[in-house]
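Worksheet: one structure, shown below.
In my numbering, the protein residues as written are -18 to 182.
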């Protein structure tokens, strides 16, 4: 495979990731205001986790830590560069699907803050059959895809650690609310379905 072909693939993947970012943002913009429902409980402490997640995002986008879009993450054969580029785009596409599907399934229960609403239901269908927190899975995937596309490898590793730390905080707080609401039904769900990353957490 020629260098020109690799560069063309890299550009295609880079713009593909940017399109995924636009779709990712649209999902949140269109759903930023959940349907009117009386809240029964809310925990604002989860916002600390959200702030830490935001720092993880900032690291992968911070200009001094960036490299040429889809330039080699580390020295590798061209074939591996192409494979990594394809993986990057696949992660971005899957992440957008995951977030969009999760928001649609949640409906009026979706919100930025950790909260329960009147008539709150334990959602276990759609992407919630794969992970308990598919929105965080999608957010993590978009960060990883962005890092693979434009960030230095060591900065991406730092961003992953920071983002997962913030996610851990949010998951603990939100799942405490759900456990208090649904009891053993939620405990059974947690035993069957991973929190964020299948096979890892």
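Cβ atoms here follow ideal geometry from the backbone N, Cα and C, with glycine treated the same way.
Check whether residue i and residue j have beta carbons under 8 Å apart
{"i": "residue 84", "j": "residue 104", "result": "no"}
{"i": "residue 94", "j": "residue 28", "result": "yes"}
{"i": "residue -5", "j": "residue 45", "result": "no"}
{"i": "residue 34", "j": "residue 119", "result": "no"}
{"i": "residue 122", "j": "residue 76", "result": "yes"}
{"i": "residue 55", "j": "residue 134", "result": "yes"}
{"i": "residue 157", "j": "residue 167", "result": "no"}
{"i": "residue 181", "j": "residue 30", "result": "no"}
{"i": "residue 110", "j": "residue 174", "result": "yes"}
{"i": "residue -3", "j": "residue 67", "result": "no"}
{"i": "residue 139", "j": "residue -10", "result": "no"}
{"i": "residue 129", "j": "residue 65", "result": "yes"}
{"i": "residue 131", "j": "residue 59", "result": "no"}
{"i": "residue 26", "j": "residue 141", "result": "no"}
Residue nearest to residue i in terms of C-alpha spacing, selected from the options
{"i": "residue 100", "options": "58, 106, 89, -14", "result": "89"}
{"i": "residue 11", "options": "26, 154, -1, 81", "result": "81"}
{"i": "residue 8", "options": "61, 79, -12, 142", "result": "79"}
{"i": "residue -8", "options": "47, 43, 73, 52", "result": "52"}
{"i": "residue 102", "options": "163, 127, 144", "result": "163"}
{"i": "residue 43", "options": "154, 136, 107, 126", "result": "136"}
{"i": "residue 179", "options": "142, 165, 108", "result": "108"}
{"i": "residue 125", "options": "69, -12, -13", "result": "69"}
Collapsed DSSP secondary structure at residue i in the structure displayed
{"i": "residue -17", "result": "coil"}
{"i": "residue 47", "result": "strand"}
{"i": "residue 27", "result": "helix"}
{"i": "residue 97", "result": "strand"}
{"i": "residue 92", "result": "coil"}
{"i": "residue 177", "result": "coil"}
{"i": "residue 182", "result": "coil"}
{"i": "residue 122", "result": "helix"}
{"i": "residue 4", "result": "helix"}
{"i": "residue 41", "result": "helix"}
{"i": "residue 172", "result": "helix"}
{"i": "residue 128", "result": "helix"}
The alpha helix (DSSP H) enclosing residue i, as first and last residue numbers
{"i": "residue 153", "result": "134 to 163"}
{"i": "residue 106", "result": "First-last for residue 106: undefined, no H or E at that position."}
{"i": "residue 113", "result": "It is not in any alpha helix (DSSP H) - residue 113 carries neither H nor E in the DSSP assignment."}
{"i": "residue 81", "result": "59 to 87"}
> Touching or not, the segment 107 to 116 and the segment -1 to 6, by the rule of three or more beta carbon pairs under 8 Å?
Replying inline: In short, these stretches do not touch, since the Cβ pair count stays below three.
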